[in-house]
Amino acid sequence: MKYKTGDQAELGIYECSRCNSAVAIDMKKQILPICPNCNHNSFTKVEEEDVHNKHRKNVEVPESLK
Ligand SMILES: [Zn+2]
């Protein structure tokens with residue numbers, strides 16, 4: 000599922016659809032930002048099983064979601 004900058008997003012990890020940078024949405028920050036790496040505005044939600052998948056090197060799980 001795709002999300003855009005400014006969307007209200009559920010808690011979790013979102014991955015930029017251009018550069019694959021991970022953005023974490025937590026209780027304090029529930030609106031998707033612009034990608035901090037490339038300023039892109041489209042994200043894909045990373046499912047929980049993917050977060051724990053070591054193949055996704057770019058995803059850093061914040062302490063609040065562990
Ligand atoms: Zn990006």
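Residues in the sequence shown are numbered from 0 upward in steps of one, following numbering that gives the first Met the number 0. Built from N, CA and C at the ideal position, the CB exists for glycine as well. Computed from a predicted model, the values in this text were never measured in an experiment.
Item: Check: Asn40 C-beta below 7 Å from any heavy atom of ligand 1; Value: no
Item: Enclosing beta strand (DSSP E) for Val60 [first to last residue]; Value: That residue, Val60, is in no beta strand (DSSP E); it is neither H nor E in DSSP.
Item: Heavy atom of ligand 1 within 7 Å of Ser63 beta-carbon; Value: no
Item: As assigned by DSSP and simplified to three states, the class of Glu14; Value: strand
Item: Rounded distance between the beta-carbons of Glu14 and Ala21, thought under 8 Å; Value: 6 Å
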